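Chemist: For the sequence shown, the numbering used here gives the first residue as 110, with consecutive numbering after it. Positions of the beta carbon are idealized from the N, C-alpha and C atoms, including for glycine. Since this is a predicted model, take the numbers as computed values, not measurements.
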Amino acid sequence: MDLDGLRVAITGAARDTGRLLAEAFARRGAQIFLAARDPVAARRVADAISQRGLGRAEAFRCDLAAPDSVRGFAAAVADRTSHLDVLINNGATYIEGDNLADASDDTIESVMAASGLGTVLLTKHLLPLLRASSRPDVVNMISACGEVGHRRSGAHPAFYAAKHAHAGFAEILSHRLRPEGIRVISLFPPDFVQNGPRRADSDLTAQSVLDCVLFAVGQPRDCFIREFHFEQVRNPRS
Ligand SMILES: NC(=O)c1ccc[n+]([C@@H]2O[C@H](COP(=O)([O-])OP(=O)(O)OC[C@H]3O[C@@H](n4cnc5c(N)ncnc54)[C@H](OP(=O)(O)O)[C@@H]3O)[C@@H](O)[C@H]2O)c1
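#1: With a threshold of 16 other CB atoms inside 10 Å of the CB of Ala145, please say whether the residue is buried or exposed.
#2: Looking at the structure shown, is Ser347 part of a helix, part of a strand, or coil, going by DSSP?
#3: What is the DSSP secondary structure of Gln160, counted as helix, strand or coil?
#4: Is there at least one non-hydrogen atom of ligand 1 closer than 8 Å to the beta-carbon of Met250?
#5: Quick check: the Cα distance between Phe169 and Pro148, rounded to an integer number of angstroms?
#6: Would you call the segment 217-236 and the segment 271-278 in contact, with 3 or more CB pairs under 8 Å?
#7: Which stretch, first to last residue, makes up the beta strand (DSSP E) that contains Phe169?
#8: Scan the segment 263-329 and note each continuous beta strand (DSSP E) run of 3 residues or more that stays entirely inside, going in chain order.
#9: Indicate the three-state DSSP secondary structure (helix, strand or coil) for Ala144 in the structure shown.
#10: Can you have a look at Glu340 and say buried or exposed, based on whether 16 or more other CB atoms are within 10 angstroms of its CB?
#11: So Val154 packs on Leu143, CB below 8 Å; how close in whole Å?
#12: Given Phe337, which residues of its chain have a CB within under 6 Å of its CB, disregarding the five upstream and five downstream residues?
#13: Determine the extent of the beta strand (DSSP E) in which Val194 is found, giving its start and end residues.
#14: If you run the structure through DSSP and keep just helix, strand and coil, what is Asp246?
#15: Report back the beta-carbon spacing between Asp194 and Asp246 to the nearest angstrom; my notes put them in contact at under 8 Å.
#16: Hey, which residues come within less than 6 Å of ligand 1, measuring from Cβ to any heavy atom, in chain order?
#17: Which first and last residues belong to the alpha helix (DSSP H) in which Glu218 is found?
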């Protein structure tokens, strides 16, 4: 899998899966535009990646719930590169709760804004750079909560709504960008753990999710993997 020299932008990359994705791409020689809400946290992770002597990483602030911040990140990336090979729409605000009333209006607004608006705006503003790539991919970290009929997560209804917005966006974008050779690859994992055994009777791990991303992005251009869906084995709520 040749990812050496790829230019990759990742949102929500200062911790957890976003960070693992940034590290995994960098380990294979990619140049990372690493974004997070907290620029200090982003810089800490980017510096750690660059110091390891792997691919380089540069830190940016990007709050997906704030359109000006999203546009600022896209403009900053455009200042540094004439093309972008991979955009990973990873950042999302998670909230729990069975009942709508379990979250304040402000919290619901930020959940919807991050996935439903920020992700759309960021993709829009980075599309010219992706079009300038010889191997452009948009990777969407969605969720089983974005699948029609999924009910097994304890996520708040606003999180379900936000992930359905992201899924709908990815679905039509995949179809419309296919003629241009831009692959839109979406993952719909159920609740997964950052660390854990990788056995058949265990929860899905972040490592397995990121292996799917690396596999899809590493495929030759005739192979357009549009979606990854996962069978959930543990924690049934229904
Ligand atoms: N973990 C799971 O069980 C699971 C299952 C299905 C899908 N997913 C999806 O997979 C992706 C990564 O999962 P994860 O486990 O790493 O999630 P996570 O632990 O909840 O981390 C979410 C990431 O998104 C960032 N984020 C939240 N709100 C943001 C905003 N407004 N603007 C920019 N970044 C924001 C967070 O940054 P801060 O540090 O600033 O909060 C954090 O880096 C997410 O899209 C998630 O919804 C996760």
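Modeler: Taking the geometry as given:
#1: buried
#2: Because Ser347 carries a pLDDT of 41, less than 50, the predicted location of this residue cannot be relied on, and the following value inherits that uncertainty. The three-state reading of DSSP puts Ser347 in coil, since its state is none of H, G, I, E or B.
#3: helix
#4: If you check the C-beta of Met250 against ligand 1, you find a heavy atom less than 8 Å away.
#5: 6 Å
#6: Counting Cβ pairs under 8 Å, three or more are found: they touch.
#7: Per DSSP, the continuous beta strand (DSSP E) segment holding Phe169 begins and ends at Ala166 to Arg170.
#8: 292-297
#9: strand
#10: exposed
#11: 6 Å
#12: Leu296 and Cys321
#13: The residue asked about is misnamed: residue 194 is Asp in this sequence, not Val. Here Asp194 belongs to no beta strand (DSSP E), and DSSP marks it neither H nor E.
#14: Looking at Asp246 - three-state DSSP - the assignment turns out to be strand.
#15: Taking a contact as a CB-CB distance under 8 Å, the pair Asp194 and Asp246 counts as one, their CB atoms being some 7 Å apart.
#16: Thr120, Gly121, Ala123, Arg124, Asp125, Thr126, Gly127, Ala145, Arg146, Asp147, Cys171, Asp172, Leu173, Ala174, Asn199, Gly200, Ala201, Thr202, Tyr203, Ala223, Met250, Ser252, Pro298, Asp300 and Phe301
#17: From DSSP, the alpha helix (DSSP H) with Glu218 extends over Asp214 to Met221.
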